[in-house]
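> The structure that follows is given in the form of C-alpha cells.
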Amino acid sequence: MKKTISLCVMIVVMLSMFTFGVYATTSDNAGLRYLYTSSCYSALTINGSTATCDSEVKGYYGITTKIEIKQSFEKLLSNGWWQRLKSWDGTFYSHNAPMCNTTTVTSSGTYHVRTSAKVYSGSNYESISHYSNNVVH
Amino acid sequence: MTEKEYKQCISQALCPEYNALLSGFASEHVFSPEFEKQMNKLIKRRNKPYYTLVNTLGKRVAVIILAFVLVSFTTVMSVEALRKPLLDFITNIFTSHSQIISDPDESKDYPNTIQSKYGITKGVEGYEISYESESTQRRSFEYKKEERIITFEQCTVDSFNVYTNTQDAQTEHIDINGCDAMGWFDIHNYYHLIWNNGEYVIDTMSNIGKDKLIEIAKSVQKVEK
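Rendered as C-alpha cells:
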C-alpha cells in the first residue's frame with residue numbers, strides 16, 4: 006500500500022515536470038500581454054560620431070488607437086547600469102509609430118536604444134519595452 | 018522458620034516444576050525460505066547508508082519533492098528564457114511574446130544598410146499603401162484594402178531584433194523560395210512570416226489568411242537598387 010502511494014506520488018511529480026517544460030518564463034516584461042501590440046523594433050547604428058536610433062511600434066488596425074512612444078539612447082556604465090543620454094517622445098493616433106533620431110556620440114563605450122511605449126485600445130493600454138542590440142563604439 | 022529459610026524452601030519446591038514447564042514448550046522452529054528472504058532483505062535495507070532518509074512514507078515523499086524542486090530550478094525555472102534556435106534566428110520565448118533576433122551565418126557578408134530594395138510584386142492589386150516608413154536599416158509598408166491588411170518589412174540582418182506577438186502561438190517552418198521562414202498565427206488571427214533571404218530579413222503579416230500570405234511572400238523580390 007505504501008509502495009503504491011509512493012509510486013503514484015512519483016508519477017504525478019514526473020508528469021508535472023513535463024507540463025512545466027512547455028512554458029518558458031523570464032523576468033523581463035513579466036505579466037505583459039501583447040493584446041494591442043503586434044511588434045516592437047529597436048536598432049542602433051553608429052557611424053563615426055553619429056548615432057542613429059531607430060524604433061517602431063506596431064499595433065493592429067481597428068484595435069490599436071494610440072501609441073505613446075519614447076526612445077532613449079543609453080550608455081552602459083562601469084557599475085552595470087545604463088545611463089540615459091538622450092530621449093525623444095512621440096504620440097501617434099494610429100496603430101503604427103515609427104521614430105528615427107540621431108545624436109552625437111562623444112565617448113567610446115557600449116550603447117543601445119531603449120524603446121518603450123504605451124499602446125492604447127480606447128482607454129485601455131499596455132506598456133511595452135524593448136532594447137536594441139548593444140553597439141560598442 | 019525464618020523468612021530466608023522460607024524463601025529457600027519455596028524456591029526448591031517450585032523451580033523444578035517451572036523448568037519442566039518451559040522445556041515442554043521449547044521446540045526447534047524452522048522459518049520458511051520466504052520469511053528468511055524477507056528478513057534478509059529488511060536487514061540489508063536497514064544497513065544502507067540512506068535508510069534513515071527514506072524509512073517512512075512521509076520521508077520518501079519529501080525526498081521526491083525535493084528532487085523535483087532541485088531539477089526544476091536548474092532547468093525550466095531558470096531566469097533565462099528558453100532559447101530556441103531556428104536556423105537563421107534565435108527566438109527567446111516569453112509568456113506573452115517572443116524576441117526574435119537574427120543569428121546570421123558569420124561566413125556571409127550582409128549589407129549593414131538597405132542597399133537593395135525588396136517588395137511584394139503580386140497579390141496587392143487594389144490595395145493602397147496606408148503606411149510607410151524608411152530608415153537606413155529598415156523599410157516598412159502597410160497595404161490596406163477595406164479591412165484587409167498586409168504589412169511588409171525589410172530589415173538589415175544585423176539590426177533585426179524585434180518583440181513580436183506570439184502568445185499561445187504554434188510556430189511552423191514554411192519554405193519561401195528556398196528560404197526557411199518561421200510562420201505563426203497571433204491572438205488576433207494575423208499570420209506572420211519571417212525569413213532571411215540571404216541579404217535581408219523580410220517580415221510580413223496579414224489577416225487575409227495563411228495561404229494567401231504565403232503566395233504573397235513568394236512574390237517578394239528585388240524591386241530597385
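So the sequences go chain by chain: A and B.
Using the numbering used here, read the first sequence as starting at 6 and increasing by one per residue.
Using the numbering used here, read the second sequence as starting at 18 and increasing by one per residue.
C-beta: ideal position from N, C-alpha, C; glycine also.
(1) Taking all protein chains shown into account, do 16 or more other C-beta atoms lie within 10 angstroms of the C-beta of Tyr116 (chain A), making it buried, or fewer, making it exposed?
(2) Among residues of its own chain, excluding the 5 on either side of Thr153 (chain B), which ones have a beta-carbon nearer than 7 Å to its beta-carbon?
(3) Alpha carbons only, please: which of B:Ile225, B:Glu145, B:Val179, B:Arg62 is nearest the one belonging to Ser43 (chain A)?
(4) Give a yes or no on whether 8 Å exceeds the smallest Cβ distance from Tyr130 (chain A) to chain B.
(5) Residues of chain A with CB closer than 7 Å to the CB of Tyr148 (chain B), please, in chain order.
(6) Would you list the residues sitting across from Pro103 (chain A) in a DSSP beta bridge?
(7) Closest Cβ-Cβ distance between Met222 (chain B) and chain A: below 8 Å?
(8) Helix, strand or coil: how does DSSP classify Gly127 (chain A) here?
(9) Identify, in the order they occur along the chain, each residue of the same chain with its Cβ nearer than 7 Å to the Cβ of Gln238 (chain B), setting aside the five sequence neighbours on each side.
(10) Quick one: Cα of Glu97 (chain B) to Cα of His114 (chain B), how far?
(11) Identify every residue that forms a DSSP beta bridge with Cys45 (chain A).
(12) In chain order, what residues of the same chain have a beta carbon less than 6 Å from the beta carbon of Lys80 (chain A), not counting five sequence neighbours either side?
(13) Could you confirm whether any beta carbon from chain B is found closer than 8 Å to the beta carbon of Ala29 (chain A)?
(14) Starting from Phe78 (chain A), follow its DSSP beta bridges and name the residues at the other end.
(15) Between Tyr151 (chain A) and Tyr65 (chain A), is the Cβ-Cβ spacing less than 8 Å?
(16) Check each candidate in B:Ala30, B:Pro33, B:Pro50, B:Ala234 and name the one with the smallest Cα separation from Thr221 (chain B).
(17) Any beta carbon from chain B within less than 8 Å of Ser54 (chain A)'s own beta carbon?
(18) Between Ser47 (chain A) and chain B, is any beta-carbon pair separated by less than 8 Å?
(19) What residues from chain B crowd round Thr111 (chain A), counting only those whose CB sits closer than 9 Å?
(20) Which residue or residues does DSSP assign as beta-bridge partners of Ile137 (chain B)?
(21) Consult DSSP for Val240 (chain B) and reduce its assignment to one of helix, strand or coil.
(22) What residues of chain B sit near Tyr66 (chain A), judged by a beta carbon separation below 9 Å?
(23) With DSSP collapsed to three states, give me the class of Gln25 (chain B).
(24) How would you label Ala198 (chain B), buried or exposed, when you count the other beta carbons within 10 angstroms and need 16 or more for buried?
(25) Out of curiosity, what's the CA-to-CA distance linking Val124 (chain A) and Arg156 (chain B)?
(26) Are Ser112 (chain A) and Leu49 (chain A) close, meaning C-beta to C-beta below 8 Å?
(27) Between Val237 (chain B) and chain A, is there a C-beta pair that is closer than 8 Å?
Answer, in terms of the structure:
(1) That one is buried.
(2) Thr130, Ile131
(3) B:Val179
(4) no
(5) Asn101
(6) For Pro103 (chain A), which the question treats as bridged, DSSP gives the partners A:Glu61.
(7) It does; some Cβ of chain A falls within 8 Å.
(8) The three-state secondary structure of Gly127 (chain A), taken from DSSP, is coil.
(9) Tyr135, Thr138
(10) For Glu97 (chain B), the predicted model reports a pLDDT of 39, less than 50, meaning its position is unreliable and no value from the coordinates is stated.
(11) A:Val62, B:Tyr180.
(12) Taking Lys80 (chain A) as the centre and dropping the five residues before and after it, the same chain places the C-beta of Gln88, Leu90, Gly114, Tyr116 closer than 6 Å to its C-beta, in chain order.
(13) Legend: pLDDT at Ala29 (chain A) = 34, less than 50; position of this residue unreliable, value from coordinates given subsequently. Ala29 (chain A) counts as touching chain B.
(14) A:Lys91, A:Val118
(15) Because chain A here runs from 6 to 142, residue 151 (chain A) falls outside it and cannot be looked at.
(16) B:Ala234
(17) no
(18) yes
(19) Ordered by position in chain B, no residue passes the 9 Å Cβ test against Thr111 (chain A), which lies about 21 Å from the chain.
(20) BP columns for Ile137 (chain B) are empty, so no partner.
(21) strand
(22) Under the 9 Å cutoff, chain B gives Ser147, Glu159, Lys161, Glu164, Ile166, Asn224.
(23) helix
(24) buried
(25) 22 Å
(26) no
(27) no
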